Amino acid sequence: MEGVLSAISGAVGLVGSEAVLILAACGLFLGAPFKVPGVRWRLAALAALGLAWYLLPAGTEAATSYAGAFKSDAGSTFFRSISVMVGLFMLLVSWGRFDERIQAEQLASVLLIIAGLGLTAAANDLIVLFLALELVSIPTYVLLYLPEKGNKADAPRRAEAAMKYFMLSVFSAAMFLYGASFLYGSVGSTNLEVIRAALREGADRSGTAVLLVALITLVAGLSFRLTAAPFHFYAPDVYEGAPPLTVTLLSVAAKLAGVAALDQLVLNGVLLSGLSAPPYVTKAAGLFWVLAVASMLVGNVLGLWQNNLRRLLAYSGIAHAGYMVIGLGAGGAADAAITGPSALFFYVPIYTLMTFGLFAAITLLDSPERRVETVDDLAGLGKSHPVVAFLMAVFLFSLIGLPPTAGFFAKLNIFMAAWDSEQSLYRVLALVMAVLAAVGAWYYLRIIAVMYLRDAVKPLTVRLPLLGLLVLWICALSLLWFFLRPSALWRESVDASRQGPPPAVGRQR
Amino acid sequence: MGKMWLLLMLLAPLAGAAAALYLGDGRLRLVRLASLVATLAALLFAALIVTNYQTPTARTAGEPFGSDPDFAIRMPWLIYSQSEQTAPTTVYLELGVDGLSVWLIGLTALLMVPAVLISWETITDRPAAYYALLLSLETAMLGVFCAMDAVLFYVFFEFTLLPLFFLIGLWGGPRKRYAAKKFFIYTLAGSIISLVGLVGVILTLRDAGQPLTFSLTELAFRAGKTPIDAALQNWLFLALFIGLAVKVPLFPFHTWLPLAHVEAPTAGSVLLAGVLLKLGTYGFLRLALPLLPAACLQIGQPLVALLAVIGILYGSLCALAQDDIKKLVAYSSVAHLGFCMLGLFALNAEGMSGALLQMVNHGLSTGLLFLLVGMIYDRYHTRSMKELGGLAQRLPLLSFFMVVTCLASVGLPGLNGFVGEVLCLFGMYAVHPAYAVWGAVGIVLGAWYLMTLLQRVFFGPLREPAHGDEVVTDMNRRELAAVVPLVVFCVWIGVYPKPFLGAMKPEITALAERLAETARQLQAPSTSAGE
């Protein structure tokens, strides 16, 4: 009994911030039926997120043991900090925009999603990892269906989006479980560290072909969250039909969950240390190669025909998933200064800032009187809202990858990692990425051109809430700041990608 | 002291931009004044740099570049320290001046003053944003020429797109939106592919035991010590070529240019033609020639020389067919840049120094042409040659400067165009006489279309479009101040080009030596393969 208790308290100690978030969410759910002024729920959520931020382990803390269900190392802290930050941003953007009567439930769902993200990064066990991923998914279904202020009339569209997401999410969860069962079957443990150690010693019972099946199914299941092609089909429809605030969160949360889980399984060497024999390492890299090319192609090319703003940005997300997958596959040579995993970790916060900022800006501009649905709805924004237009231009230029925004270094690092990869095929990938990124630049530029170079028939009149504007400013200034001073973020990314017992992808031979 | 000048030169326009935005559209006079002061300050610092520039005497053997230590600035920017054992791989904010860049820095700072002066009265719509963009463009352009780090070079190179996109798109002519988008996408697509080539060069030029370097000087040094494998060089060259060729622009990649030049506001056209096209040729000179010499000889020379000659002839013929004066000048840029590229890819000292001089010349003379065409447009609101004629009677001063500029552009001996073009053609003649002969045909065509322009618009009976009650006056003092300094330099370079050629000589000689050495190695493959 005592052993169990100490194990639980030890585990909770590792994931204290997530425990706080889940407790707060439970409180919100329980209190929701009572008539309480809405601002109290928001303050409660803010307090929970603040406490979660405070409880995050400091970056310098040494890695804990990898024996239990949770772990705490630089990699997981990196993701957990980003997700709590996303939670704070989300709360500030949504301040007063959720329906007063149901906002307790909605805020609770947001907190659960953030907790799920943190747990995904901190999981050290296949089952915990699965549960954490579901903790992201299930509240998302709720949020997708619940109305927000101003889109009550869209119930059929919301229902369609929620159903679509639900079906495909369940399917991807099944894929993930299927792959995880192979992994468990070949080693006989669900603890990631045990699996890693066993595979490295070649102690699996079933041979590498089974591991390859596990890799493919696991990556397929997680690609759904990453919205990497060919698992992207839901994204444009869901982004278009779902309530705007939810899409704002979903656009970064799902991707963060996918990257964090792939980091656990692929980059930390769980799968690849079993596949380090020459033909398999090439096959694993080849898998990511195909995934990257497909995503970049779909995202950058199909985005050109989109007129709905959120649909367009869904394709943008697919393209960026492609760039991130390059980072997954391009493990650098031993002497490489810029490895794929580090480049990927550098990419993730930058992507989060620019995508969240852009979606938040569109959401805040949207009002029942004057919808912002299509690209053309933004016409004349440069004149009617010069500040918001400027901030959006920063996000868009960053998505293109132009200086002076951090998006430039994010792309540059991916280029360098791809070129420096041991797989010479990845040099071709760098070129493919360059060509397709240039294609995709067109649709980002279209938005900028509409904002600045066209005049509105009916100008936007909405006044942006102060807190929302604050988030936009933080996102944009961070992007400019990380362009001017990228070294600190890079150091964090290197530490994060290096943590977990080595070796990472490329460093084993 | 020199370092301070360099920094102040780069920061003065930014300070001006901030001041313009702070003052806002309501205080137009102050905004214009602040912009003028900022450009004059930048010009002052640029002049100090140009006059105090000294070729570094202590130069490591085999190192083609080494900026004047008086002006060299180096600060870490992005530290890629992967392992603690080796020295960190670092992207530096490395700025400097050498013989290749010193005159282009001067040219940029010089052209900015007329660019502000010509916008003085024509820009009344959102002037604060306009001047802020114009001034940030100046910093970006100066930055490209001062950058001594590959990443920094690329950053400035790319950043020039943003202000220009808005300058063309917001203050341009009737088809401004299309022109702005086409310009942006064309150049962006090209330069992203170039970035892959650049990354490839950086990551291939490793030195055992040393960290990766991003410094252009160091990269050039390594390229001399252990050249990149010739086959890989060709691919890297092609990647670099695409982006730079769009920027120059070389023949099949030029279609954005006439559109962008015609639609841009006058100041935009002046800077596009005067400075931004040089970013392409300068990129070839700074990146392709020293880092990928074998590829320049193997595929660069035949490819570029052919495209350049086609560009010269095609650009000239197109210019001949235009009715819009601005379009004529725009197409003449395609032809003149062809001369630059022809000289550059002669890959010998005469050709390269001619090309570099021609870059400055073209900046001066085409900048002047766009300024003068802009002044005509301000007066008559048309640029059609059909509607104009005999303007020499109405506008004697403007006509005088137009004649001088056209003669400079044609290459009349005694004016600047002659020196550059002759050197370019001499250089090419030594390698491929046929290309030089075809290029010379382009000079004749150039004389034809510019003389046609002069004859139709400025001489003969006076023909003006109806301009209401407005009294058309000759150039005022502000316009004279914009034009005269440039004309002075046109004459100076034409009469006494020695100081201009002298400053660039060491770098050009070193480059030419490296290329000659590479050529020798390529011709004797058995010996080089044995190494």
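Chains as they are written, first to last, in the numbering used here: chain B, 1 to 509; chain S, 1 to 531. Using N, Cα and C, we set each Cβ at its ideal position, and we do this for glycine too. As the structure is a computational prediction, the values presented were derived from the model and not from experiment.
Chain S within 9 Å of residue i, Cβ atoms only
i	result
B:S459	Checking the sequence, you will find Pro at residue 459 of chain B rather than Ser. Not one chain S Cβ lies under 9 Å of B:P459.
B:G329	no
B:S487	yes
B:Y351	no
B:R491	yes
B:D376	no
B:M416	yes
B:F397	yes
B:I447	no
B:L402	yes
B:V439	yes
B:Y426	no
B:L267	no
Rounded C-alpha distance that separates residue i from residue j
i	j	result
B:R158	B:M85	27 Å
S:A129	S:A20	7 Å
S:R74	S:P88	15 Å
S:E263	S:V304	28 Å
B:W490	S:W77	11 Å
B:L92	B:L464	12 Å
B:A47	B:G13	19 Å
B:P486	B:R371	37 Å
B:Y234	B:Y444	21 Å
B:V505	B:Y347	Reliability of the predicted coordinates at B:V505 is poor, the pLDDT of 39 falling under 50, and no value is obtained from them.
S:M385	S:T187	31 Å
B:S9	B:L218	31 Å
S:D324	B:T339	53 Å
B:A406	S:L137	20 Å
S:V419	S:F284	21 Å
B:L381	B:T363	14 Å
B:D125	B:G68	8 Å
S:P13	S:L271	15 Å
S:Q523	S:W256	39 Å
Within-9 Å CB hit, residue i to chain B
i	result
S:S528	Residue confidence for S:S528 is low, a pLDDT of 46 falling below 50, so the modelled location carries little weight; the figure read from the coordinates is stated next. So, not an interface residue.
S:F166	yes
S:G280	no
S:A239	yes
S:V155	yes
S:I73	no
S:E470	no
S:T89	yes
S:V196	yes
S:E94	no
S:R177	yes
S:I118	no
S:W77	yes
Candidates the options, of which the one nearest residue i by Cα
i	options	result
B:V238	B:D263, B:V219, B:L287, B:L309	B:L309
B:V259	B:L192, B:P349, B:A174	B:P349
B:F29	B:A11, B:G68, B:V110	B:V110
B:S76	B:S137, B:E148, B:D263, B:M163	B:D263
B:A229	B:L256, B:E193, B:A294	B:A294
S:G2	S:L142, S:A294, S:I49, S:G338	S:I49
S:A220	S:R286, S:M402, S:I118, S:G439	S:R286
B:A44	B:A104, B:W481, B:S81	B:A104
B:L211	B:V187, B:T227, B:A197, B:E193	B:V187
Identified DSSP bridge partners for residue i
i	result
B:F70	B:A123
S:L391	Partner(s): none; S:L391 has no beta bridge.
S:L78	S:V91
S:D324	S:S384
B:N308	B:T374
Cβ-heavy atom distance, residue i to the ligand FAD, below 8 Å
i	result
S:V248	As for the ligand FAD, it is missing from this structure, which has no ligand bound.
* Asked: Which ranges does the alpha helix (DSSP H) cover as unbroken runs of at least 4 residues, wholly within the segment 134–161 of chain S, from first to last along the chain?
  -> 150–159
* Return the chain-ordered ranges of every alpha helix (DSSP H) run that is complete within the segment 396–455 of chain S and spans a minimum of 4 residues. => Correct list: 396–410, 416–431.
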